[in-house]
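Structure first, commentary second.
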Amino acid sequence: MICQKSQSAVSHPTLAPFTRNTFSIPAGADGNERIVMWSYIPEASIAYADGASPVIVMANGLALPRSAGLPHIAARFATAGYTVLLFDFRHLGDSTGQPRQLVSPTNQLEDYTTVLRFVTDPDSHAQFLSRKIPSSKVVLWGWSNSGGHVARLATQADELQISAVITLDPLCDGRTNLFHHMWHNPLGLARIGHWASLRIPAFGPGGLLGGPEADNGFRMFNSDWKENEGVVQELGSSPKLVNEIAARYGFEVLSQRCDGTKVKCPILISWAKNDGDSLIPSKVPARFAEDCLKAKDYRVSVDVHEHEGDILAYISEESDSRRVSRNTLQFLHSVFGSSQPETKGEK
6 MICQKSQSAV SHPTLAPFTR NTFSIPAGAD GNERIVMWSY IPEASIAYAD
56 GASPVIVMAN GLALPRSAGL PHIAARFATA GYTVLLFDFR HLGDSTGQPR
106 QLVSPTNQLE DYTTVLRFVT DPDSHAQFLS RKIPSSKVVL WGWSNSGGHV
156 ARLATQADEL QISAVITLDP LCDGRTNLFH HMWHNPLGLA RIGHWASLRI
206 PAFGPGGLLG GPEADNGFRM FNSDWKENEG VVQELGSSPK LVNEIAARYG
256 FEVLSQRCDG TKVKCPILIS WAKNDGDSLI PSKVPARFAE DCLKAKDYRV
306 SVDVHEHEGD ILAYISEESD SRRVSRNTLQ FLHSVFGSSQ PETKGEK
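Yeah, the sequence shown ends on 352 if you go by the numbering used here, and it's all consecutive.
Below you can see the structure in the form of structure tokens.
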């Protein structure tokens, strides 16, 4: 068996009609690492004639754990009837991997594909998800750094069996984004040339992302975690926030790039209006969206949106978050149809 359950499920009906489980799966070339994730199993799932339940695979941006801002988004998807897998990349959160706080685009792409293989292998996921999940109903979700990963994986949708991708403020051009931050935050970027063992602040003064929006975003995450710690512990252990990132990320991000003309599945792209996101300049996702619209694959539909304010505010349940979530659910319904949720036990 490739998956080992690490914690039993706990239902919390006062929060949302779903059950959350914590478990881990093997990762890495030798299978000795572990990717830890939460599964959100809806009480009422989207119903299809074949009994399938679509699944959304999610991961956080930059050096953040899965507990930072994403649980409420996963809960919205689960409430709408979608099964959700929200995981920590290796080196981050509860997942294993040394050094800690390392953000490696190569490793993170591998982690997405590892979770994808788990999802599309019925022998692996059946015991833990209690849902039939055919490969034709798998969606990848990401924002910022992870948004760039899922955008890149959309170009391999046919071989990886991805049915759709949702990407918010995606980092689709690492070089352009790095130069943007070098101009706006020379102090933080001056520290990226050190060895991998050196960790620097990820957000705030002197950090990789030193702007006030990044600092405020991290403070919101930390405040939300402390305020909800009791509920979090009731649902199960949750990784704490660590405001650090391995300094070598500044070099590795240079290779992070994706070609929108090669996208091979429906994709939703959303970014901040008028450069409202200090982390990812609007021209990066906008250029990627333009390229996606040029894709020659007949299976590709491109859903483009602009949202108000910083993406950190969105994943902290502020600003335009509910409208973005509504657009996302409309996109999912356009991909999978308008079938209504079916309560557990219904035939």
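All residues carry an ideal CB built from backbone N, CA and C; glycine is no exception.
- Here Lys-269 is buried. Its C-beta has 16 or more other C-beta atoms within 10 Å.
- Nearest in C-alpha terms to Pro-76, of all of His-338, Val-305, Thr-27, Pro-127, is Thr-27.
- DSSP places Asn-248 outside both helix and strand once states are collapsed to three, so it counts as coil.
- Check the Cα spacing between Ala-300 and each of Pro-271, Pro-286, Leu-69: the tightest is with Pro-271.
- Between Leu-114 and His-96, the C-beta gap is not smaller than 9 Å, which leaves the two residues out of contact.
- Taking 9 Å as the cut-off, the Cβ atoms of Leu-273 and His-310 count as close.
- Collapsing the DSSP output to three states places Asp-128 in a helix.
- Ranked by Cα distance from Leu-173, the options Leu-158, Gln-166, Trp-146 are led by Trp-146.
- For Val-258, there is no enclosing alpha helix (DSSP H), as DSSP marks it with neither H nor E.
- Contact annotation: Ala-252 and Trp-276 have beta-carbon atoms that are not nearer than 9 Å.
- The beta carbon of Val-329 sits closer than 8 Å to the beta carbons of Leu-173, Ser-275, His-310, His-312, Tyr-319 from its chain, once the five residues preceding and following it are set aside; these are given in chain order.
- Here Glu-164 is exposed, its C-beta having fewer than 16 other C-beta atoms within 10 Å.
- Look at Ile-167 here: in three-state DSSP terms it is coil, with no helix or strand label.
- Looking only at Ser-44, Ser-149, Ile-78, the smallest Cα-Cα distance to Leu-67 is reached by Ser-149.
- For Phe-23, no alpha helix (DSSP H) run applies; the uninterrupted beta strand (DSSP E) run containing it begins and ends at 23 to 32, by DSSP.
- Secondary structure of Pro-47 (DSSP, three-state): strand.
- With respect to Pro-244, Gly-153 sits apart: the two C-beta atoms are not nearer than 9 Å.
- For Thr-118, the closest of Ala-80, Ala-83, Ala-159 by C-alpha to C-alpha distance is Ala-159.
- Under the criterion of beta carbons closer than 8 Å, Val-144 and Gln-166 do not qualify as touching, at roughly 11 Å.
- Burial check for Ala-34: the Cβ neighbour count within 10 Å stays below 16, so the residue is exposed.
- Pairing Pro-22 with Val-124, the inter-Cα distance amounts to about 22 Å.
- Burial check for Gly-74: the Cβ neighbour count within 10 Å reaches 16 or more, so the residue is buried.
- In this chain, Leu-97 is not harboured by any beta strand (DSSP E), its DSSP state being neither H nor E.
- With a threshold of 16 other beta carbon atoms within 10 Å, Asn-37 falls short and is exposed.
- When secondary structure is reduced to three states using DSSP, Gly-265 falls in the helix class.
- At a Cβ-Cβ threshold of 9 Å, Pro-127 and Glu-257 do not count as neighbours.
- The Cβ atoms of Ile-40 and Ile-30 lie closer than 9 Å to each other.
- Sequence-distant Cβ neighbours of Ala-156 in its own chain, meaning closer than 6 Å and more than five residues away, are Thr-172, Pro-175, Cys-177, Cys-263.
- Here DSSP, grouped into helix, strand and coil, assigns Arg-304 to coil.
- Sequence-distant Cβ neighbours of Arg-204 in its own chain, meaning closer than 6 Å and more than five residues away, are Gln-106, Glu-249, Ala-251.
- Assigned with DSSP and collapsed to three states, Val-108 falls in coil, not helix or strand.
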